[in-house]
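The block underneath contains the structure these notes are about, expressed in structure tokens.
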Amino acid sequence: MVIENSKNHTPVNINVNGIQLEQVDQYRYLGVLITRDGRDENEIKCRIARARNTFNNLAIVLCDKRMNLQLRLRILRCYVWPLLKYAAETWTFKKALENKVNAFELWCYRRMLRIHWSDRVRNEEVLNKIGLGERILFELFKEMKSRFVRKLWENGLYRLFYQGKIPGKAPRRRKRKHMLSECESSFCDISLE
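889 is the number of the first residue of the sequence shown in the numbering used here; add one for each residue after it.
Spelled out as structure tokens, the structure:
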């Protein structure tokens, strides 16, 4: 996959041991969807869909009014929300993301309280019935992001990730021909066109 900003992409031919590698627009790596344009909108949609699917699989428990509401909320936070929060600290936070996360959170609460979308119940009323004064899921995302940045800062990786600067002196020039000749002689045949 070639990561680029432009809409039109040029195909790159890479051969390994005489076999041409397929060029893709997106792939899943360690459970995260990586796209050619480097944006995370598709990943967010996939995460919300997975969390919604898990909620629907647990709907018998989560929507059962005979169970205590606080217990059902703990089950929601334990089994559904982690699917949505996976790798969320690496996402770029925009207003559209906040709206999607808030909409999903309220969708979960409405389903748990068995409030139909056509009942015209305001979001504030739903939050009061749940026992919350405000939405909390996106606040958890922001807390995760701040912990991630704090860890980067403590480890000295902040400059590397956000500024692209590596501390220390730049090494002397390397001979590229030497490295490529080792690669070609050992195991791979790379031809870029």
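Where a beta carbon is used, it is the ideal one built from N, C-alpha and C, also for glycine. Keep in mind that this is a model prediction, so the values were computed, not measured.
Under the DSSP assignment, Y997 falls in the alpha helix (DSSP H) whose first and last residues are K983 to L1001. Distances from the alpha-carbon of A947 to those of S1006, L961 and K1039 put L961 closest. Assigned with DSSP and collapsed to three states, N1043 falls in coil, not helix or strand. Per DSSP, V1014 lies in no beta strand (DSSP E) segment; the continuous alpha helix (DSSP H) that holds it begins and ends at N1011 to I1018. Here the alpha carbons of I936 and V989 stand approximately 8 Å from one another. Taking 8 Å as the cut-off, the Cβ atoms of C951 and R1002 count as close. In the DSSP assignment, Q911 falls outside any beta strand (DSSP E) and carries neither an H nor an E.
In terms of Cβ geometry, W969 and A939 form a close pair [threshold 8 Å]. Beta-bridge annotation (DSSP): Y917 is paired with V920.
Collapsing the DSSP output to three states places V900 in coil.
Collapsing the DSSP output to three states places I1024 in coil.
The beta carbon of I932 sits closer than 8 Å to the beta carbons of W979, L985 and K988 from its chain, once the five residues preceding and following it are set aside; these are given in chain order.
I907 is bridged by DSSP to V904. A Cβ-Cβ contact shorter than 8 Å links Y967 with T942.
For G919, the CB contacts under 8 Å within the same chain, skipping 5 residues up- and downstream, are Y974 and A975 in chain order. Distance from the CA of M955 to the CA of V949, rounded to the nearest whole angstrom, comes to 8 Å.
According to the DSSP assignment, V949 belongs to the alpha helix (DSSP H) that extends over A947 to L950. DSSP, reduced to helix, strand and coil, places K953 outside both helices and strands of the structure shown, so it counts as coil. Cα atoms of V1009 and N944: separation of roughly 22 Å, rounded to the nearest angstrom. Taking the CA atoms as reference points, K983 sits about 44 Å from I907.
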